[in-house]
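Just below is one structure, and these are the notes that go with it.
Numbering (the numbering used here), first residue to last: 16 to 487.
Here it is in structure tokens:
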């Protein structure tokens, strides 16, 4: 048995090497493209264009949808931050999805909600709504109380209750910067082909928050949060931005995305899935391509949403397991797009990339990392092989991490302290020495339990003060 395993690992070495070359080659290419595109974008965005929105000259009103299930600790601060946004015309709709804690009571007490009798249309299906409330002090704040049906179902209820042509979906534990809506919706005014946009999601842990506003940006204290900060920086700076270039953006984060309501209704709203955000974007691509509708799905590199990330290993692994199951579900449900020229670059490049790199990648990396360890202890690894594997699997990836952190601070200058930047660089160096392998194993486990629909919701910590993260 063991000799067969060794023979297999030795035979598959070229495949492993090619995978790491392709993976890190893509990341390098994405980083180069992103740097160019971000600089061009920021140069094109003028203070005049922002002022035009604030003055009510050019804007489109929108509805902010906040699905909430047992968010008692964070919901008040989150809603306060949304009510403080700079935008000419918007409404906030909190959808209480059958919470069993004090979420609804906290909202009623803090914002002086009163019950109203206003019919809600049924353009997209969802579980029954029990009551609708409006704030006495903030007439643009509404709360829906409904039967529990999951995040996708709650968002569908919010879509039906909304009155504006655009809607923004945001998590209940997230905080938007005050000009995020202005920056994210600008493209809807300038380009009628835009059907969806997403912005940067940054890690809130470690930051100082007051009245729902991020007052000071700092690197997290905990190791896990720092590793995730590096991941988010690389993922949004290098990954999301470059997909604009290829017209193949398949993911808009569920923490912060803006959509044309008519297009989402055309695809029957959100589908019940643990990956409802990715699934919706893919179905928008599919719908527009099948009906020959000119459209764009765009990542906008300057509106910022801050979100809590898990601070303990159990919550982190549950989250990554859910993400990977959502990826599998979304790709399988839309599998007809794979290598299908009918869907343009989405079908020929974007979709295959997510299948080959994101879906199958954990299996290849697992064999690469743990196969290398096994061969090493069996004395089957020569010096040339060890050096080459280290260069491809570790050193190259580490330099991409450091490059992303450097470019992020060069362009955005979010972290003012040198200590914070050096701390993130340290964790960018350490990611490949244990952390990445743990995540790879969890994603591989998720591959064999993709049929599970559970979310494994973490408990939240309060947003005010220094945010320390969510816990299991």
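We put the beta carbon where it would ideally sit given N, CA and C, even for glycine.
message = I need the DSSP call for residue 214, collapsed to helix, strand or coil.
response = Translated into the one-based positions of the chain shown, residue 214 becomes position 199. Strand at residue 214.
ask   = Using a Cβ-Cβ cut-off of 7 Å (strictly less than) and excluding sequence neighbours within five positions of residue 370, which residues of its own chain qualify?
value = On the chain shown, residue 370 is found 355 positions in, with the first residue counted as 1. Taken in chain order, the residues that qualify are 346 and 353.
ask   = Ends of the beta strand (DSSP E) at residue 321?
value = Sequence index remark: in the chain shown, residue 321 carries index 306 (1-based). Residue range 311-322 is occupied by the beta strand (DSSP E) that includes residue 321.
request  = Measure the CB-CB distance between residue 276 and residue 343 and report whether it falls below 9 Å.
outcome  = The residue labelled residue 276 in the question sits at position 261 within the chain shown. The residue labelled residue 343 in the question sits at position 328 within the chain shown. No, the Cβ-Cβ distance between residue 276 and residue 343 is not below 9 Å.
ask   = Which class does residue 189 belong to by DSSP, given the choice of helix, strand or coil?
value = Taking the first residue of the chain shown as position 1, residue 189 is located at position 174. The DSSP-derived three-state label of residue 189 is strand.
query = Tell me which same chain residues have a C-beta within less than 7 Å of the C-beta of residue 416, skipping the five on either side of it?
reply = Sequence index remark: in the chain shown, residue 416 carries index 401 (1-based). Only 245, 249, 443 and 446 meet the Cβ criterion.
query = For residue 247 versus residue 372, is the C-beta distance shorter than 9 Å?
reply = Here residue 247 corresponds to residue number 232 of the chain shown, with the count starting at 1. Here residue 372 corresponds to residue number 357 of the chain shown, with the count starting at 1. Going by C-beta atoms, residue 247 is not nearer than 9 Å to residue 372.
ask   = Which runs of the alpha helix (DSSP H) spanning at least 4 residues fall entirely within the segment 92-179, listed in chain order?
value = Counting whole runs of 4 or more residues, the segment 92-179 contains the alpha helix (DSSP H) stretches 118-126 and 166-176.
request  = To the nearest angstrom, report how far apart residue 394 and residue 450 are at their CA atoms.
outcome  = Here residue 394 is taken as the residue at index 379 of the chain shown, counted from 1. Here residue 450 is taken as the residue at index 435 of the chain shown, counted from 1. Straight-line Cα distance between these residues: approximately 25 Å.
request  = Compute the Euclidean distance between the alpha carbons of residue 139 and residue 274, then round it to the nearest angstrom.
outcome  = Counted from its first residue, the chain shown places residue 139 at position 124. Counted from its first residue, the chain shown places residue 274 at position 259. Their backbone Cα atoms lie some 15 Å apart in a straight line.
Nearest-angstrom Cα separation, counted from residue 80 out to residue 186 = Your numbering for residue 186 matches position 171 in the chain shown. Your numbering for residue 80 matches position 65 in the chain shown. Residue 186 and residue 80 have their C-alpha atoms some 9 Å from each other.
ask   = Between residue 256 and the rest of its own chain, which residues show a CB-CB distance below 7 Å, the 5 nearest in sequence each way excluded?
value = The residue given as residue 256 occupies position 241 in the chain shown. These residues qualify, in order along the chain: 49, 52, 53, 314 and 316.
inquiry  = Please classify residue 212 as buried or exposed, where buried requires at least 16 neighbouring CB atoms within 10 angstroms.
reply    = Along the chain shown, one-based indexing puts residue 212 at 197. By the neighbour-count criterion, in which 16 or more other beta carbons inside 10 Å mark a residue as buried, residue 212 falls on the buried side.
ask   = So, using beta-carbon positions, are residue 419 and residue 268 closer together than 9 Å?
value = One-based indexing of the chain shown puts residue 419 at position 404. One-based indexing of the chain shown puts residue 268 at position 253. No; because the gap between Cβ atoms is not below 9 Å, this pair is not in contact.
message = Within the continuous beta strand (DSSP E) that includes residue 78, where are the two ends?
response = Indexing the chain shown from 1 puts residue 78 at position 63. First-last of the beta strand (DSSP E) with residue 78: 77-83.
task = Rounded to whole angstroms, what's the CA-CA distance from residue 148 to residue 322? Just pull it up for me.
result = The residue labelled residue 148 in the question sits at position 133 within the chain shown. The residue labelled residue 322 in the question sits at position 307 within the chain shown. Roughly 26 Å separates the two Cα atoms.
ask   = Exposed or buried, which one is residue 201 when buried takes at least 16 other CB atoms within 10 Å?
value = Against the chain shown, residue 201 aligns to sequence position 186. Here residue 201 is buried, its C-beta having at least 16 other C-beta atoms within 10 Å.
Residue 305 burial status per 10 Å Cβ neighbour count (16 or more: buried) = Position 290 of the chain shown holds residue 305. Counting the other Cβ atoms within 10 Å of the Cβ of residue 305 gives fewer than 16, which makes it exposed.
query = So, using beta-carbon positions, are residue 461 and residue 335 closer together than 9 Å?
reply = In the chain shown, the residue the question calls residue 461 occupies position 446. In the chain shown, the residue the question calls residue 335 occupies position 320. Taking C-beta atoms as the reference points, residue 461 and residue 335 count as a pair closer than 9 Å.
Own chain partners of residue 30 with C-beta closer than 7 Å, once the 5 adjacent residues on each side are dropped = Taking the chain shown and counting its residues from 1, one reaches residue 30 at position 15. Nothing listed; no residue qualifies.
inquiry  = Just to confirm my understanding: we take residue 311, look at its own chain, exclude 5 residues before and 5 after, and list those with CB closer than 6 Å. What are they?
reply    = Residue numbering aside, residue 311 sits at position 296 when the chain shown is read from its first letter. Taken in chain order, the residues that qualify are 208 and 209.
Residue(s) in a DSSP beta bridge with residue 350 = Taking the first residue of the chain shown as position 1, residue 350 is located at position 335. For residue 350, DSSP records no beta bridge to any residue.
ask   = residue 452: which of 281, 297 and 379 sits nearest, CA to CA?
value = Start at 1 with the first residue of the chain shown, and residue 452 comes out as number 437. With distances taken between CA atoms, residue 452 lies nearest to 379 out of 281, 297 and 379.
message = Less than 8 Å separating the Cβ of residue 102 from some heavy atom of the ligand ADP?
response = This structure lacks the ligand ADP; in fact it carries no ligand of any kind.
key: Between the CA atoms of residue 78 and residue 242 - distance to the nearest angstrom   = Position 227 of the chain shown, counted from the start, is the residue given in the question as residue 242. Position 63 of the chain shown, counted from the start, is the residue given in the question as residue 78. Straight through space, the alpha carbons of residue 78 and residue 242 are spaced by roughly 33 Å.
message = Quick check on the DSSP output: the alpha helix (DSSP H) that includes residue 273 runs from which residue to which?
response = On the chain shown, position 258 is the one that residue 273 refers to. It is not in any alpha helix (DSSP H) - residue 273 instead sits in the beta strand (DSSP E) that spans 271-275.
request  = Just list the beta strand (DSSP E) runs in the segment 245-302, keeping only unbroken ones of 3 residues or longer that don't cross its boundaries, in chain order.
outcome  = 271-275, all fully within the segment 245-302.
query = Tell me the DSSP bridge mates of residue 457?
reply = As a position in the chain shown, residue 457 is number 442, starting the count at 1. Answer by DSSP bridge pairing: none, since residue 457 is not bridged.
request  = Between the Cα of residue 226 and those of 97, 144, 400 and 110, spot the shortest distance and give me the residue it belongs to.
outcome  = Residue 226 sits at position 211 when you count from the first residue of the chain shown. Nearest option by C-alpha distance: 97.
query = DSSP beta-bridge partners for residue 53?
reply = Working through the chain shown from its first residue, we reach residue 53 at position 38. BP columns for residue 53 are empty, so no partner.
task = Less than 8 Å between the CB atoms is what I'm expecting for residue 328 and residue 239, so what's the real figure, rounded?
result = The count along the chain shown starts at 1 and reaches residue 328 at position 313. The count along the chain shown starts at 1 and reaches residue 239 at position 224. The Cβ separation is near 7 Å, so the contact holds.
inquiry  = Tell me the residue span of the beta strand (DSSP E) that contains residue 230.
reply    = To locate residue 230, count along the chain shown from 1; it is residue 215. Element bounds for residue 230: 228-231.
task = Please classify residue 439: does DSSP put it in a helix, a strand, or coil?
result = Here the question's residue 439 lines up with position 424 in the chain shown. It is helical.
query = Quick one, are the C-beta atoms of residue 4 and residue 91 less than 9 Å apart?
reply = Because the chain in this structure spans residues 16 to 487, residue 4 falls outside the shown range and cannot be described.
message = Rounded to whole angstroms, what is the Cα-Cα separation between residue 171 and residue 214?
response = Here residue 171 corresponds to residue number 156 of the chain shown, with the count starting at 1. Here residue 214 corresponds to residue number 199 of the chain shown, with the count starting at 1. Going from the Cα of residue 171 to the Cα of residue 214 covers about 21 Å.
message = Between which residues of its own chain and residue 230 is the CB-CB distance below 7 Å, once the five residues before and five after are set aside?
response = As a working note, residue 230 is residue 215 in the chain shown. Correct list, in chain order: 223 and 224.
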